[in-house]
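Okay, so here's the structure we're looking at.
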Amino acid sequence: GAGVSQTPSNKVTEKGKYVELRCDPISGHTALYWYRQSLGQGPEFLIYFQGTGAADDSGLPNDRFFAVRPEGSVSTLKIQRTERGDSAVYLCASSSGLAGRSEQYFGPGTRLTVT
Amino acid sequence: AQTVTQSQPEMSVQEAETVTLSCTYDTSESNYYLFWYKQPPSRQMILVIRQEAYKQQNATENRFSVNFQKAAKSFSLKISDSQLGDTAMYFCAFMKHESGNTPLVFGKGTRLSVIA
């Protein structure tokens with residue numbers, strides 16, 4: 044596609060439920076990032092994929108959060124047993140992964156609300 | 020660990036005037052990238068301008084320019100001839116320079132309002 048897309052745009056779920064957030068990166072981009080943006084804050088890094096493997100998952104807050112990218116393209120962020128504190132905008136970004144081509148291109152985000 | 024500080028939570032500017040947004044950062048890295056991103060109410064993060072730390076020349080993109088002071092670890096954004104469409108959150112971001120890419124570290128942002 045022309046840009047990074049994310050679905051759904053908005054998700055409302057009840058505390059304790061499981062959710063999946065999807066990211067479709069720019070075609071050909073090997074690097075994919077997930078960030079979380081709480082209200083009034085800048086985005087915070089969660090996890091980074093290079094190809095199919097997670098190159099850095101140090102930003103995941105706890106073991107309720109998990110992400111996959113099985114074919115090196117689409118990625119899914121999975122949150123188990125959601126808590127009200129998980130409410131935020133979840134942003135996905137992709138880049139070419141080439142040294143010197145550092146720009147990350149962002150999707151419009153998924154706003155997650157946990158009630 | 021790297022940190023990015025934006026000390027101005029909100030700024031306003033009259034249309035057609037010039038405004039400067041401040042950003043400081045802390046790192047022990049010698050080579051890195053710095054960015055300014057714009058986030059309008061649509062939530063879409065848009066890259067405004069990028070600076071490579073090893074380049075002394077300040078980056079410029081049309082009405083947007085930066086003042087990069089490496090020794091002071093300062094990276095301010097100047098917007099000239101401000102337009103109503105410039106109204107948005109602006110985030111300063113840092114990225115280490117390594118083979119491949121690394122995650123961005125963002126500041127808390129500055130909300131800019133352009134007033135007609």
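Note that the protein sequences, when read in sequence, are chains A and L.
If you read the first sequence in the working numbering, its first letter stands for residue 44, the second for the next number, and so on.
If you read the second sequence in the working numbering, its first letter stands for residue 20, the second for the next number, and so on.
Using N, Cα and C, we set each Cβ at its ideal position, and we do this for glycine too.
Taking the alpha-carbon positions, what's the residue i to residue j distance?
| i | j | result |
| --- | --- | --- |
| residue 134(L) | residue 72(L) | 33 Å |
| residue 92(L) | residue 72(A) | 31 Å |
| residue 131(A) | residue 47(L) | 31 Å |
| residue 101(A) | residue 158(A) | 27 Å |
| residue 82(L) | residue 106(A) | 45 Å |
| residue 55(A) | residue 156(A) | 5 Å |
| residue 34(L) | residue 99(L) | 10 Å |
| residue 77(A) | residue 135(A) | 5 Å |
| residue 149(A) | residue 105(L) | 18 Å |
| residue 45(L) | residue 23(L) | 7 Å |
| residue 140(A) | residue 90(L) | 29 Å |
| residue 86(L) | residue 58(A) | 46 Å |
| residue 46(A) | residue 62(L) | 14 Å |
| residue 127(L) | residue 85(A) | 4 Å |
Return helix, strand or coil for residue i, following the three-state DSSP convention.
| i | result |
| --- | --- |
| residue 161(A) | Because chain A here runs from 44 to 158, residue 161(A) falls outside it and cannot be looked at. |
| residue 103(L) | helix |
| residue 106(A) | coil |
| residue 124(A) | coil |
On a CA-only basis, which of the options is nearest residue i? Give me that one, please.
| i | options | result |
| --- | --- | --- |
| residue 50(L) | 76(L), 86(L), 115(L) and 42(L) | 115(L) |
| residue 103(L) | 36(L), 26(L), 29(L) and 23(L) | 36(L) |
| residue 67(A) | 54(A), 58(A) and 49(A) | 49(A) |
| residue 30(L) | 110(L), 117(L) and 120(L) | 110(L) |
| residue 127(A) | 81(A), 140(A), 92(A) and 103(A) | 81(A) |
| residue 145(A) | 84(L), 58(L), 131(L) and 70(L) | 70(L) |
| residue 130(L) | 23(L), 56(L), 44(L) and 52(L) | 56(L) |
| residue 101(L) | 132(L), 74(L) and 113(L) | 132(L) |
| residue 53(L) | 41(L), 63(L), 107(L) and 62(L) | 41(L) |
| residue 74(L) | 63(L), 67(L), 88(L) and 80(L) | 88(L) |
| residue 19(L) | 43(L), 21(L) and 32(L) | This structure cannot settle anything about residue 19(L), because the visible part of chain L is limited to 20 through 135. |
| residue 108(A) | 147(A), 133(A) and 137(A) | 133(A) |
Label residue i either buried or exposed according to how many other C-beta atoms from any shown protein chain fall within 10 Å of its C-beta, with 16 as the threshold for buried.
| i | result |
| --- | --- |
| residue 74(A) | buried |
| residue 129(A) | buried |
| residue 118(A) | buried |
| residue 112(A) | buried |
| residue 78(L) | buried |
| residue 122(L) | buried |
| residue 96(A) | exposed |
| residue 90(A) | buried |
| residue 58(L) | buried |
| residue 65(L) | exposed |
| residue 53(A) | exposed |
| residue 28(L) | exposed |
| residue 76(L) | exposed |
| residue 26(L) | exposed |
| residue 137(A) | buried |
Is the beta carbon of residue i within less than 8 Å of some heavy atom of the ligand MG?
| i | result |
| --- | --- |
| residue 63(L) | No copy of the ligand MG occurs in the structure displayed, which carries no ligand at all. |
Three or more C-beta pairs below 8 Å linking the segment 112-127 of chain A and the segment 54-73 of chain A = yes
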